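Chemist: Got a structure for you, questions after.
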Amino acid sequence: MHKVPKQQLEKWLIVYHIIIAILAVLSSVLATLMMLNAKVGIAGQPVFQGLLIFFAIDYVVRLVFTKNRKWFLINNAFDLLGILPMHPAFSLFRLARIFRMVRTHHVFWRLGISGKWTRDLHRFLYDTGFIYLFTISVVIICLSALFFSIVERQTLSESLWWAITTATTVGYGDDSPRTAWGKLIATVLMIGGVGFIGLLTSTITGFFTDRTGQEDAQQEQKEQNEALMKQVRQLTREVSRLSKKVDKLKK
1 MHKVPKQQLE
11 KWLIVYHIII
21 AILAVLSSVL
31 ATLMMLNAKV
41 GIAGQPVFQG
51 LLIFFAIDYV
61 VRLVFTKNRK
71 WFLINNAFDL
81 LGILPMHPAF
91 SLFRLARIFR
101 MVRTHHVFWR
111 LGISGKWTRD
121 LHRFLYDTGF
131 IYLFTISVVI
141 ICLSALFFSI
151 VERQTLSESL
161 WWAITTATTV
171 GYGDDSPRTA
181 WGKLIATVLM
191 IGGVGFIGLL
201 TSTITGFFTD
211 RTGQEDAQQE
221 QKEQNEALMK
231 QVRQLTREVS
241 RLSKKVDKLK
251 K
């Protein structure tokens, strides 16, 4: 059996990811038009459904062939939200594939714009675990809003507003659950959502606090190095002066 070279596979993978990115943008634009204009929504339904099926197949195939499904589910949570057929707004999550493609193929590095800010961004998103906490928080809010809209028979936009205000502990009180299932969803959201959002806040605070501490430590180290260099220069001049005196005594 003929084995495809690794470089050729990488090229095909890049092409496939570019196609995915284009389709993600197309589906997001189409979903936006569908939400803003009912006529466009009716005309675009076949294309939108076709894109939904394509992204669903893509997700299932990647899930089947992945070696670590737990890691896959966490890192591709937005992809799962992007194939939910309940509302066109969920397709906007497909745009996450573009950011993943940029990271996977080191696009910034290839364009020659990789530097300190990209390293800091990577450290903030991944080393601190911010991206995972953010993903889980968004998934909890979206799923809570989805189930809330079903059991309480409300629109998804109203349910999303309720979920966000509940998870952020704002709680305007303009909407509250009336059914037992709705109250259960609210309880889960308050426990899980508030907890993860609190972790998000502490992660952001901790990152900038540590960064400030590192900058202070670097500044202190720089000052110490400058003081040592000053002493070295003084000692060098003193040695030079003593050396000249010794030479004169020898003469």
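Sequential numbering of the sequence shown, starting at 1, is according to full-length UniProt numbering. Glycine included, every Cβ here is placed at the ideal spot set by N, Cα and C. Values in this document were obtained by computation on a predicted structure and should not be read as measured data.
Assess contact between the segment 76-91 and the segment 130-144, defined as three or more Cβ pairs (one per stretch) separated by less than 8 angstroms. Is contact present?
Modeler: Short answer: they touch.
Chemist: Between the alpha carbons of Ala24 and Ile98, how many angstroms are there, rounded?
Modeler: Taking the sequence shown and counting its residues from 1, one reaches residue 24 at position 24. Taking the sequence shown and counting its residues from 1, one reaches residue 98 at position 98. If you take the alpha carbons of Ala24 and Ile98, they lie about 8 angstroms apart.
Chemist: In angstroms, rounded to a whole number, what distance separates the CA positions of Phe207 and Thr128?
Modeler: Here the question's residue 207 lines up with position 207 in the sequence shown. Here the question's residue 128 lines up with position 128 in the sequence shown. For Phe207 and Thr128, the distance between alpha carbons rounds to 7 angstroms.
Chemist: Pull up the distance between the alpha-carbon of Trp181 and that of Gln221, whole angstroms please.
Modeler: Taking the sequence shown and counting its residues from 1, the one referred to as residue 181 is at position 181. Taking the sequence shown and counting its residues from 1, the one referred to as residue 221 is at position 221. The alpha-carbon atoms of Trp181 and Gln221 are separated by roughly 59 angstroms.
Chemist: Give the straight-line distance between the Cα atoms of Val138 and Gly82, rounded to the nearest whole angstrom.
Modeler: Sequence index remark: in the sequence shown, residue 138 carries index 138 (1-based). Sequence index remark: in the sequence shown, residue 82 carries index 82 (1-based). Cα-Cα distance, rounded: 12 angstroms.
Chemist: Roughly how many whole angstroms lie between the Cα atoms of Ser27 and Leu33?
Modeler: Your numbering for residue 27 matches position 27 in the sequence shown. Your numbering for residue 33 matches position 33 in the sequence shown. About 10 angstroms.
Chemist: For the candidate residues Leu95, Arg178, Leu199, whose alpha-carbon lies nearest to that of Ile18?
Modeler: Here residue 18 refers to the residue found at position 18 when the sequence shown is read from its first residue. Looking at the Cα atoms, Leu95 is the closest of the given residues.
Chemist: Within the continuous alpha helix (DSSP H) that includes Lys67, where are the two ends?
Modeler: Mapped onto the sequence shown, residue 67 falls at position 67. First-last for Lys67: undefined, no H or E at that position.
Chemist: Look at the alpha carbon of Arg62 and the alpha carbon of Asn76, and state the distance between them as a whole number of angstroms.
Modeler: As a first step, residue 62 must be located in the sequence shown, where it is residue number 62. As a first step, residue 76 must be located in the sequence shown, where it is residue number 76. Going from the Cα of Arg62 to the Cα of Asn76 covers about 10 angstroms.
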